[in-house]
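K.L.:
Mind having a look at this structure? Questions to follow.
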Amino acid sequence: MQVVKLFKGLALDGRTVVCTIHQPSSSVFAQFNKVVLMSEGHLLYCGDREACIGWFAHLGQVCEADMNPAEFLIKVTAVTDDNREAAVQRTVEWAERWRQEGAMFLEQWEALGGRAAASSDQMRIQRLFSSMEEPAEACAKEAPGENGAGPVER
């Protein structure tokens, strides 16, 4: 936890910090501002940590209130040998959904006050995005915030 807090301090000082972490506790996960989730080489999410749970709710994967969000994300994005073909197909579909809808989702999330969507908000967001047809960039380019975190420039 001390190392993660050190990294967070560096990010708050304007430095870009990239780290990969294996099965973080909920308190460690809460220290991150932005997350990138990948599975089988596909980008599934890139953005605010708090909006991430709302994104997966939009995909029909709801994190129960008593579940560690990091554990939930590992569980829903993992491709295991059990029904591997279906899991890989789901991953490809979610990556395409992120490519098409991700930037718009994050804009809507910010418009709702930058908070994780509550159940009623999740339903509104699902209705909103189920009618979307316009593609959007996976990680919208933005200037680094005061914490120095922002999407990777390509």
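Those letters in the sequence shown? Residues 1145 to 1298, per our numbering, in order. For each residue, glycine too, the CB sits at the ideal point set by N, CA and C.
Contact defined as beta carbons within less than 8 Å: I believe T1224 pairs with S1183. What is the distance between those atoms, to the nearest angstrom?
P.N.:
Here residue 1224 refers to the residue found at position 80 of the sequence shown. Here residue 1183 refers to the residue found at position 39 of the sequence shown. The Cβ separation is near 11 Å, so there is no contact.
K.L.:
Can you give the Cα-Cα distance for E1277 and V1147, rounded to whole angstroms?
P.N.:
For this step, residue 1277 is matched to residue 133 along the sequence shown. For this step, residue 1147 is matched to residue 3 along the sequence shown. Model confidence at E1277 stands at a pLDDT of 39, short of 50, so the residue's coordinates are unreliable and nothing is read from them.
K.L.:
Taking C-alpha atoms, which residue in F1216, V1161, Q1233 lies nearest to S1169?
P.N.:
Taking the first residue of the sequence shown as position 1, residue 1169 is located at position 25. For the residues F1216, V1161, Q1233, the minimum Cα distance to S1169 belongs to F1216.
K.L.:
Mapping the DSSP letters down to three states, classify A1261 as helix, strand or coil.
P.N.:
Along the sequence shown, read from residue 1 onward, the residue named residue 1261 stands at position 117. Residue confidence is low: A1261 scores 46 on pLDDT, short of 50, so the model does not pin down where it sits. No coordinate-derived value is stated.
K.L.:
Looking at the secondary structure, which residues open and close the beta strand (DSSP E) in which S1183 lies?
P.N.:
Translated into positions along the sequence shown, residue 1183 becomes position 39. Element bounds for S1183: 1178 to 1183.
K.L.:
DSSP beta-bridge partners for D1192?
P.N.:
Position 48 of the sequence shown holds residue 1192. Beta-bridge pairing links D1192 to K1178.
K.L.:
Got a sec, what are the start and stop residues for the alpha helix (DSSP H) E1208 sits in?
P.N.:
Position 64 of the sequence shown, counted from the first residue, corresponds to residue 1208. Element bounds for E1208: n/a, residue is neither H nor E.
K.L.:
Using 10 angstroms around the beta-carbon of V1162, count the other beta-carbons present and answer buried if the total reaches 16, otherwise exposed.
P.N.:
As a working note, residue 1162 is residue 18 in the sequence shown. V1162 is classed as exposed because its beta carbon has fewer than 16 other beta carbons within 10 Å across all chains shown.
K.L.:
What does a CB cutoff of less than 8 Å around V1172 pick up in its chain, not counting 5 residues either side in sequence?
P.N.:
Residue numbering aside, residue 1172 sits at position 28 when the sequence shown is read from its first letter. For V1172, where only same-chain residues beyond five positions count, the Cβ hits under 8 Å are M1145, V1148, I1165, A1214.
K.L.:
Assign H1186 to one of three DSSP states: helix, strand, or coil.
P.N.:
Residue 1186 sits at position 42 when you count from the first residue of the sequence shown. Correct three-state label for H1186: strand.
K.L.:
Label K1219 either buried or exposed according to how many other C-beta atoms from any shown protein chain fall within 10 Å of its C-beta, with 16 as the threshold for buried.
P.N.:
Position 75 of the sequence shown holds residue 1219. Answer is exposed; the Cβ neighbour count stays below 16.
K.L.:
Tell me which residue opens and which closes the alpha helix (DSSP H) that S1171 is part of.
P.N.:
Walking along the sequence shown from the start, residue 1171 turns up at place 27. S1171 -> alpha helix (DSSP H) spans 1170 to 1173.
K.L.:
Excluding the 5 residues flanking H1186 on each side, which residues of the same chain have their C-beta closer than 7 Å to its C-beta?
P.N.:
Position 42 of the sequence shown holds residue 1186. If we look at H1186 and ignore the five residues flanking it on each side, its Cβ neighbours are T1235, V1236, A1239.
K.L.:
For H1202, which three-state DSSP category applies?
P.N.:
Within the sequence shown, numbered from 1, the residue matching residue 1202 stands at position 58. If DSSP states are grouped into helix, strand and coil, H1202 belongs with the helices.
K.L.:
To the nearest angstrom, report how far apart G1158 and R1243 are at their CA atoms.
P.N.:
The residue labelled residue 1158 in the question sits at position 14 within the sequence shown. The residue labelled residue 1243 in the question sits at position 99 within the sequence shown. When rounded, the distance between both Cα atoms is 28 Å.
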